[in-house]
Amino acid sequence: MPSTQPDTLLKLADRCVMCGLCAPHCPTYVKTLEEGESPRGRIALIQGLLSERLPLNERLQAHLDHCLGCRACEAACPSGVPYGQLIDGARAEIHARQPQRPRPRPRTLQALHTLAPQRGRLRLIGRVLRLYQLSGAQGVARATGMLRPLGVQRLDNLLPKLAPIRAWQTYYPPRGAAQGAVALFLGCVADIADQVSLRAALRLLTALGYGVHIPTAQTCCGALQLHAGEPDSAATLAARNAEAFRALSVHAILSTASGCSAQLSEYLPAADLGAPVMDISAFLDQITWPSEPLLRPLAKTIAVHDPCSLTHVLRQQRAPYRLLARIPQLEMVALPDNGRCCGAAGSYLLSEPAMADSLRDDKIAALRALEVDTLVTSNIGCAMHLQAGIRAADLAVEVLHPVTLLARQLNAQR
Ligand code: SF4
Ligand code: SF4
0 MPSTQPDTLL KLADRCVMCG LCAPHCPTYV KTLEEGESPR GRIALIQGLL
50 SERLPLNERL QAHLDHCLGC RACEAACPSG VPYGQLIDGA RAEIHARQPQ
100 RPRPRPRTLQ ALHTLAPQRG RLRLIGRVLR LYQLSGAQGV ARATGMLRPL
150 GVQRLDNLLP KLAPIRAWQT YYPPRGAAQG AVALFLGCVA DIADQVSLRA
200 ALRLLTALGY GVHIPTAQTC CGALQLHAGE PDSAATLAAR NAEAFRALSV
250 HAILSTASGC SAQLSEYLPA ADLGAPVMDI SAFLDQITWP SEPLLRPLAK
300 TIAVHDPCSL THVLRQQRAP YRLLARIPQL EMVALPDNGR CCGAAGSYLL
350 SEPAMADSLR DDKIAALRAL EVDTLVTSNI GCAMHLQAGI RAADLAVEVL
400 HPVTLLARQL NAQR
């Protein structure tokens, strides 16, 4: 994904007629009511920067940094302004002009950027973190307050209870009548923090008759790098993934994290891979399910959170609802104000903690009012951020991926 040239970016920005219809959809504008925190204001800042009318200073950088990249504005814009491309392009331009940015990033975020493409090292860290949780060291560290001076308290708060990080086979055959083959994308954070959803996806897919390929050469999707203004690093990762998946003969390449699904499907065309990249819910929603009952009933009401990547980028937010409706007796209620970002937004939850937590507080208040004990969401970043808020609010709500709930309800013979 080569970076968009400044003159092309300016032409794209010129499509904005400054009508402001996007403003009420923008979480940062709704929170602050500042023009510089609105999509229209940011587009004007980008135009000023690219045409050299405005200097790159801390204030301008802050307004662009505060953007979640949720793309609610893009979905709402009647003029078709490609806001996602604009903000990514502007960040790349800033990075190219000034690698030492006016506003430094937190160290934890820098470490995440370095480690994300290194699967082996990341999995090793995951195993150490699991030991840290199981040994009781996490409880001691939290109780003594030693995490705050080390600058890792926020990261520790986000850490879910880690499942065993086991090795993956390169292929899992289907159970029962074969329907075809798919490939599973593991992701970087999901491979250590969301093994439960990945294993649930595997169980569900093989039960539905799909063989599942998991190529070992796959790597991080590159979203972190792209949204941080490093399109060349993101392109390198896209090329590594294309190489890892291209030789497989599969119906689709599936991701359980909608953030990765959005990044991969925008930047890895099916023509390059031989198969489309799909979010797992969209795939499971479109295939033919067996006619015999596959799922056990679940008589309760759950809440559903719609990640921005699924809603505003992939525009497939109804897929998890249709999928979960396959569970007999299950009732679903959408989390109020689902079109508004929860504040996770990739690495935003680390780089802009005040806004991230403020947006999350609204979600937690809405969740509390629903009085449910389960929240499903299709993106690991949102799940971690919401789960940390749920813990802090002392709510007894379990956060699950839709496929985890489906796999739990599979009949025993499957
Ligand atoms: S981005 Fe679209 S909706 Fe927002 S001000 Fe520009 S033209 Fe209007
Ligand atoms: S991407 Fe989201 S936060 Fe950024 S300007 Fe658009 S609506 Fe606002």
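If you read the sequence shown in numbering that gives the first Met the number 0, its first letter stands for residue 0, the second for the next number, and so on. Heads up, the beta-carbon is just placed ideally off N, CA and C, and yes, glycines get one too.
Measuring CA to CA, which of the options is closest to residue i?
i, options, result
"Ala200", "Pro401, Ala411, Asn410", "Pro401"
"Ile252", "Phe184, Gly88, Asp193, Lys299", "Phe184"
"Val211", "Asp193, Glu34, Glu36, Pro173", "Pro173"
"Gly342", "Ala318, Gln315, Asp305, Ala324", "Asp305"
"Pro77", "Ala176, Met383, Leu20, Thr3", "Leu20"
"Met354", "Gln84, Ala222, Leu67, Arg129", "Leu67"
"Val80", "Gln132, Leu130, Met17", "Met17"
"Phe244", "Ala274, Leu225, Ala391, Thr255", "Ala274"
"Ala368", "Arg325, His311, Ile301, Gln316", "Ile301"
"Trp167", "Arg339, Ala237, Arg118", "Arg118"
"Ile124", "Thr143, Leu158, Arg141, Pro148", "Leu158"
"Gln84", "Arg58, Val303, Lys10", "Lys10"
"Gln60", "Arg104, Ala176, Pro230, Leu374", "Arg104"
"Ala22", "Ser50, Asp6, Tyr82, Arg58", "Tyr82"
Residue i and residue j look like a contact to me (Cβ under 8 angstroms); what is the Cβ gap, rounded to whole Å?
i, j, result
"Leu313", "Ala269", "Not confirmed; about 14 angstroms, so no contact."
"Ala180", "Val249", "5 angstroms"
"Ile164", "Gln194", "6 angstroms"
"Ala75", "Gln46", "About 20 angstroms; that fails the 8 angstroms criterion."
"Gln408", "Arg295", "5 angstroms"
"Cys69", "Ala344", "6 angstroms"
"Ala182", "Leu111", "So it is not a contact: roughly 25 angstroms between Cβ atoms."
Short of 8 angstroms in beta carbon distance, which residues of its chain neighbour residue i, apart from the five on each side in sequence? Order them along the chain.
i, result
"Ala241", "Leu267, Asp271, Leu272"
"Pro352", "Arg153"
"Pro292", "Pro327, Asn410"
"His65", "Thr27, Glu36, Glu351, Met354"
"Gln97", "Leu55"
"Lys30", "Glu36, Met354, Ser357, Leu358"
"Gln109", "none"
Thinking C-beta only, is residue j closer than 8 angstroms to residue i?
i, j, result
"Arg39", "Cys15", "yes"
"Asn395", "Asp372", "The amino acid at residue 395 is misidentified as Asn; the sequence shows Ala. Result yes, Cβ atoms of Ala395 and Asp372 sit closer than 8 angstroms."
"Ile379", "Val188", "yes"
"Leu399", "Leu323", "no"
"Ala91", "His24", "no"
"Leu263", "Cys220", "yes"
"Leu161", "Ala192", "yes"
"Cys340", "Leu358", "yes"
"Ala414", "Asn156", "There is no way to answer for residue 414, as the model of the chain reaches only from 0 to 413."
"Leu236", "Asp278", "no"
"Thr255", "Ser196", "yes"
"Ile93", "Gly228", "yes"
"Gly144", "Thr107", "no"
"Ile86", "Arg41", "yes"
Leaving out the 5 sequence neighbours to the left and right, which residues in its chain are closer than 7 angstroms to residue i when beta-carbon positions are compared?
i, result
"Tyr171", "Leu201, Thr205, Gly210, Val211"
"Pro335", "Ala365"
"Cys381", "His304, Pro306, Cys341, Ala343"
"Gln132", "Lys160, Leu161"
Which residues in the same chain have their Cβ closer than 6 angstroms to the Cβ of residue i, if we skip the five residues on either side of it in sequence?
i, result
"Gly35", "His62"
"Gly88", "Thr3, Leu8"
"Ala406", "Ala199, Arg202, Leu203"
"Ala115", "Cys187, Cys219, Leu223"
"Ser232", "Gln224"
"Arg239", "Thr218"
Taking 8 angstroms as the CB-CB limit, is residue i close to chain D?
i, result
"Gly221", "The structure shown contains no chain D, having only a single protein chain."
Inset, instruction - Check each residue's C-beta against every heavy atom of ligand 2 and list, in chain order, those closer than 6 angstroms. - result: Sorted by chain position, residues whose beta-carbon lies closer than 6 angstroms to a non-hydrogen atom of ligand 2 are His24, Cys25, Pro26, Thr27, Pro38, Arg41, Cys66, Leu67, Gly68, Cys69, Arg70, Ala71, Cys72, Tyr82.
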